[in-house]
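Here is the structure we will look at, set down as structure tokens.
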Amino acid sequence: MLRLGHRPDALIEVLHTVQQSFGYLDDDALRYVSTSLHVPLSKAYGVATFYSLFTLRPQGEHTCVVCTGTACHIKGSTMILNRIRSRFGIGPKQTTADNQISLLTARCLGACSIAPAVVYDGEAKGKQAPDDVIARLEEW
Amino acid sequence: MSFNLTPVLTAQWGLDQSWTLGAYERADGYQALRQALDMEPDALIQLVKDSGLRGRGGAGFPTGMKWGFIPQGDGKPHYLVVNADESEPGTCKDIPMMMASPHTLIEGVIIAAYAIRANHAFIYVRGEVLHVIRRLLNAVAEARAAGYVGRNILGKSFDLELTVHIGAGAYICGEETALLESLEGFRGQPRLRPPFPAVEGLYACPTVINNVETISSVPAIVRGGAQWFRSMGTEKSPGFKIFSLSGHVARPGQYEAPLGITLRELLDATGGMREGHELKFWTPGGSSTPLFTAEHLDVPLDFEGPPQHGSMLGTTALQLFDETTCVVRAVKRWSEFYAHESCGKCTPCREGTFWYVQIYERLENGTATEEDIETLLDLSDNILGRAFCALGDGATSPVTSSIQFFRDEYVAHFEQGGCPFDPVASTVFAGASA
């Protein structure tokens, strides 16, 4: 916050930084941010819930993002999600009970040429079949 | 091949480490900037006007005219904002562009900022694409170290601060006024216009908002001149553009070609549809543009062609679907996207997209009736033109156009009590699991 000069318009940047450091935004963090930047708590909460990248719940050790854009959908992303659900018992925005894997979906990653695309811990991979995804997640 | 591909934007993509400053400079990078800084800002605006460059973000507004709207000598700071919030389903041109050659964009940004006399420029990137963010940040740091960004650029009395702003995952922020709201730290909801951003944009100051591809085209225009640029494309839509092929094609990817090319020519040059299948329907410019079918293969893809046939050029995200694809399932997917991404500001879009999804769920599980098709059309009629911004209008495009061309398929869904298609047949691993 010091780097960004406590400006109210730096709210999104600050929330990014908080989430990077703590993994998610809890009530205390939102209160602290809103006081420091002199923005109402309602606004901080509004912004945190508006944007899909911010999460108010803790995430697992690893994250797996499945793209569900149209090209990926047609080429089988739903089947990938179904396989993950039957193997690990989690759906989108859920984390396994051992806190190892969080599953997320993205609306379109702009990687339509290599559909279906999956991002493992920030590393994007294309042309993923359900078996590839399960094999990769089992390594975690 | 019946046409010449025009590698201008993509010319450097194949270079060794094309994203580094060294590689870009060896390919004459930043020469256009030197030329531009020797010109008067107004002469630059005139040059871009003469070139006929039109915005590549979808609407096709003449770029030079947009720059000309910025009031000069008003004593207010001016801002340049680059819209790199590319998230339209199927659109994947800006992200590869920034990955392969971020310096083309940065050079364009500096030239454009000089022309409109802005001393602060922002690049608004999607938060999802971490690899692009990392690459852009590195490229900006390189440009700063080389003296292209900062104070007294190339020894001239021109200062420019360049900020890469990272979005947080909201499709609506690609709408230019929602993007400004988001830059100012608010929820990304569109603003009422007028005042237009050229008068009161970012922090209520005159602001130009351009797409990545538009700005990236500027250095080439400065180097080649307006006549050269006009030698490509069509009279009203001059120049080149990146066409993103995806879906059931043999070789998906980015293909740069002059505007006015047809999908048939593009397919001929790139190996056609995937083997053993034929084209059923396609989008000329992402999901917000009404669908086309095989009978539209010869529509010239420029800003004038698709509108004559009831669609739009959009972002030239050509998504192609073959005969294994259920059109209802594809449109359901798009509707779910719009319902999720609707910002909630206006009622037609917020409620209408929600209704769409409910009706498509009924269609999919076979409990819909003839009446539901009428409801879809009625809803579309009430969203189109009545929504606050273009997102709502875009949501209706796939719905109305798919009913127009494939009404039989909708009917088949409730006559047969469910989807008549095999969902596996359309997947990338179709052969393997059979």
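Protein sequence lines correspond, in order, to chains S and Y. By the working numbering, the letter at position 24 of the first sequence is numbered 24, and the numbering carries on one by one without gaps. Numbers given in the working numbering equal positions in the second sequence, counted from 1, plus 140. C-beta: ideal position from N, C-alpha, C; glycine also.
Under a three-way DSSP split, which group does Phe545 of chain Y fall into? Taking the second sequence and counting its residues from 1, one reaches residue 545 of chain Y at position 405. Note: Phe545 of chain Y maps to helix in three-state DSSP.
Hey, out of S:Arg7, S:Pro116, S:Phe22, whose CA is closest to Thr78 of chain S's CA? Counting from one through the first sequence, the residue named residue 78 of chain S turns up at place 78. Across the set S:Arg7, S:Pro116, S:Phe22, the C-alpha of S:Pro116 shows the shortest separation from the C-alpha of Thr78 of chain S.
Between Gly400 of chain Y and Asp442 of chain Y, which are expected to be in contact by the criterion C-beta below 8 Å, what is the C-beta distance as a whole number of angstroms? The count along the second sequence starts at 1 and reaches residue 400 of chain Y at position 260. The count along the second sequence starts at 1 and reaches residue 442 of chain Y at position 302. About 4 Å separates the CB atoms of Gly400 of chain Y and Asp442 of chain Y; that is less than 8 Å, so the two are in contact.
Is there a C-beta anywhere in chain Y that falls below 7 Å from the one on Ile12 of chain S? For the purposes of this step, residue 12 of chain S is taken as residue 12 along the first sequence, with counting starting at 1. At least one beta carbon of chain Y lies nearer than 7 Å to the beta carbon of Ile12 of chain S.
Can you tell me whether Glu108 of chain Y is buried or exposed? The criterion is at least 16 other CB atoms within 10 Å of its CB, across all chains shown. Residue coverage of chain Y in this structure runs from 141 to 574, which leaves residue 108 of chain Y outside it and unanswerable.
Who are Asp462 of chain Y's beta bridge partners in DSSP? For this step, residue 462 of chain Y is matched to residue 322 along the second sequence. DSSP lists Y:Leu419 as partners of Asp462 of chain Y.
Within chain S, the residues that Leu270 of chain Y reaches when beta carbons sit closer than 7 Å: Along the second sequence, one-based indexing puts residue 270 of chain Y at 130. For Leu270 of chain Y, the neighbours in chain S by C-beta distance under 7 Å run, in chain order, Gly122.
Does any C-beta atom of chain Y lie closer than 7 Å to the C-beta of Ile141 of chain S? Any answer about residue 141 of chain S is impossible in this case: the structure gives chain S only from 1 up to 140.
Taking DSSP's pairing of strands, which residues face Cys433 of chain Y in a bridge? By 1-based counting over the second sequence, the position of residue 433 of chain Y is 293. Checking the displayed sequence, the identity of residue 433 of chain Y turns out to be Thr instead of Cys. Thr433 of chain Y pairs with Y:Phe421.
Report the option in Y:Pro560, Y:Gln556, Y:Asn350, Y:Ala409 whose CA atom is closest to the CA atom of Ala338 of chain Y. As a position in the second sequence, residue 338 of chain Y is number 198, starting the count at 1. Distance check between Ala338 of chain Y and each of Y:Pro560, Y:Gln556, Y:Asn350, Y:Ala409 places Y:Asn350 closest, using alpha-carbon atoms only.
In chain order, what residues of the same chain have a beta carbon less than 7 Å from the beta carbon of Ser542 of chain Y, not counting five sequence neighbours either side? Mapped onto the second sequence, residue 542 of chain Y falls at position 402. Contacts found: Leu431, Val467, Val471.
Taking buried to mean at least 16 other C-beta atoms within 10 Å of its own C-beta, is Asp562 of chain Y buried or exposed? Indexing the second sequence from 1 puts residue 562 of chain Y at position 422. Classification of Asp562 of chain Y: exposed, given that the 10 Å Cβ count is below 16.
Determine whether the beta carbon atoms of Tyr550 of chain Y and Ile513 of chain Y lie at a separation below 7 Å. Residue mapping note: residue 550 of chain Y aligns to position 410 of the second sequence, counting from 1. Residue mapping note: residue 513 of chain Y aligns to position 373 of the second sequence, counting from 1. Yes, the Cβ-Cβ distance between Tyr550 of chain Y and Ile513 of chain Y is below 7 Å.
Could you check whether Arg266 of chain Y and Ser297 of chain Y sit closer than 7 Å to each other, using their CB atoms as the reference points? Walking along the second sequence from the start, residue 297 of chain Y turns up at place 157. Walking along the second sequence from the start, residue 266 of chain Y turns up at place 126. Not closer than 7 Å, so no.
Nearest CA to the CA of His243 of chain Y: which residue from Y:Ala172, Y:Glu476, Y:Leu531? Position 103 of the second sequence holds residue 243 of chain Y. Closest option to His243 of chain Y, Cα to Cα, is Y:Ala172.
Along the stretch 46-67 of chain S, what residues have a CB closer than 7 Å to any CB found in chain Y? Cβ contacts with chain Y: Gly46, Val47, Phe50, Tyr51, Ser52, Leu53, Phe54.
Under a CB-based cut-off of 7 Å, is Thr567 of chain Y close to chain S? Numbered from its first residue, the second sequence carries residue 567 of chain Y at position 427. Under the 7 Å criterion on CB atoms, Thr567 of chain Y is classed as interfacial with respect to chain S.
Proximal residues, the stretch 319-343 of chain Y versus chain S, C-beta separation under 9 Å: Of all residues in the stretch 319-343 of chain Y, Ser322, Leu323, Glu324, Gly325, Phe326, Arg327, Gly328, Gln329, Tyr343 have a Cβ within less than 9 Å of some Cβ in chain S.
Output yes if chain S places a C-beta closer than 7 Å to the C-beta of Gln459 of chain Y; else output no. Along the second sequence, one-based indexing puts residue 459 of chain Y at 319. Yes, Gln459 of chain Y lies at the interface with chain S (some Cβ there is under 7 Å from its Cβ).
Residues from the stretch 467-482 of chain Y in contact with chain S, defined by Cβ distance under 7 Å: Flagged, chain order: Ala470, Arg473, Trp474, Phe477, His480, Glu481.
Pair within 7 Å by beta-carbon distance, His318 of chain Y and Gln329 of chain Y: Here residue 318 of chain Y refers to the residue found at position 178 of the second sequence. Here residue 329 of chain Y refers to the residue found at position 189 of the second sequence. It should be noted that the sequence gives Ala, not His, for residue 318 of chain Y. Yes.
Grouping DSSP H, G and I as helix and E and B as strand, with all else coil, what is Val568 of chain Y? Position 428 of the second sequence, counted from the first residue, corresponds to residue 568 of chain Y. Coil.
Arg473 of chain Y classed as buried or exposed, judged by whether at least 16 other C-beta atoms fall within 10 angstroms: Sequence index remark: in the second sequence, residue 473 of chain Y carries index 333 (1-based). Classification for Arg473 of chain Y: buried.
Between Gln459 of chain Y and the rest of its own chain, which residues show a CB-CB distance below 8 Å, the 5 nearest in sequence each way excluded? Along the second sequence, read from residue 1 onward, the residue named residue 459 of chain Y stands at position 319. Apart from the 5 residues on each side of it in sequence, Gln459 of chain Y sits with its Cβ closer than 8 Å to the Cβ of Pro229, Gly230, Ser386, Gly387, Trp422, Thr423, Gly426, Ser427 in its chain, given in chain order.
Output needed in chain order: residues of the stretch 16-31 of chain S with a Cβ under 8 Å from some Cβ in chain Y. Residues of the stretch 16-31 of chain S that bring their beta carbon within less than 8 Å of a beta carbon in chain Y comprise His16, in sequence order.
Which one or two residues does DSSP pair with Leu332 of chain Y in a beta bridge? Locating residue 332 of chain Y in the second sequence gives position 192, counting from the first residue. BP columns for Leu332 of chain Y are empty, so no partner.
Contacts around Trp153 of chain Y, its chain only, beta-carbon distance under 7 Å, and the 5 residues preceding and following it disregarded: Indexing the second sequence from 1 puts residue 153 of chain Y at position 13. Around Trp153 of chain Y: Ala240, Ser241.
From this set, Y:Gly558, Y:Glu315, Y:Leu187, which residue's C-alpha is nearest Gln367 of chain Y's C-alpha? Translated into positions along the second sequence, residue 367 of chain Y becomes position 227. Relative to Gln367 of chain Y, the option among Y:Gly558, Y:Glu315, Y:Leu187 whose CA is nearest is Y:Leu187.
From the DSSP output, in three-state form, read off Gln152 of chain Y for me. Residue 152 of chain Y sits at position 12 when you count from the first residue of the second sequence. Coil, per DSSP.
Which value, in whole angstroms, describes the spacing of the CA atoms of Leu406 of chain Y and Gly213 of chain Y? As a working mapping, residue 406 of chain Y is identified with position 266 in the second sequence. As a working mapping, residue 213 of chain Y is identified with position 73 in the second sequence. Between the alpha carbons of Leu406 of chain Y and Gly213 of chain Y lies a distance of about 46 Å.
Taking only three categories from DSSP, how would you classify Ile361 of chain Y? Position 221 of the second sequence, counting from 1, holds the residue named residue 361 of chain Y. DSSP places Ile361 of chain Y within a helical segment (H, G or I) once states are collapsed to three.
Suppose the cutoff is 6 Å on Cβ atoms and the five residues either side in sequence are ignored; what does the same chain contact list for Thr55 of chain S look like? As a first step, residue 55 of chain S is located in the first sequence; it is residue number 55 there, counting from the start. Closer than 6 Å at the Cβ level, and outside the excluded window around Thr55 of chain S, lie Tyr24.
In DSSP terms, what Ser386 of chain Y is bridged to: Taking the second sequence and counting its residues from 1, one reaches residue 386 of chain Y at position 246. Y:Gln459, per the DSSP bridge assignment.
Is the stretch 271-290 of chain Y in contact with the stretch 84-98 of chain S, if contact means three or more CB pairs nearer than 8 Å? With contact defined as three or more Cβ pairs closer than 8 Å, the stretch 271-290 of chain Y and the stretch 84-98 of chain S are not in contact.
What's the call for Pro392 of chain Y, buried or exposed, on a 16-neighbour Cβ count within 10 Å? Numbered from its first residue, the second sequence carries residue 392 of chain Y at position 252. The C-beta of Pro392 of chain Y has 16 or more other C-beta atoms within 10 Å across all chains shown, which makes the residue buried.
Does the distance from the CB of Pro447 of chain Y to the CB of Thr402 of chain Y come in under 7 Å? Here residue 447 of chain Y corresponds to residue number 307 of the second sequence, with the count starting at 1. Here residue 402 of chain Y corresponds to residue number 262 of the second sequence, with the count starting at 1. Result no, Cβ atoms of Pro447 of chain Y and Thr402 of chain Y do not sit closer than 7 Å.
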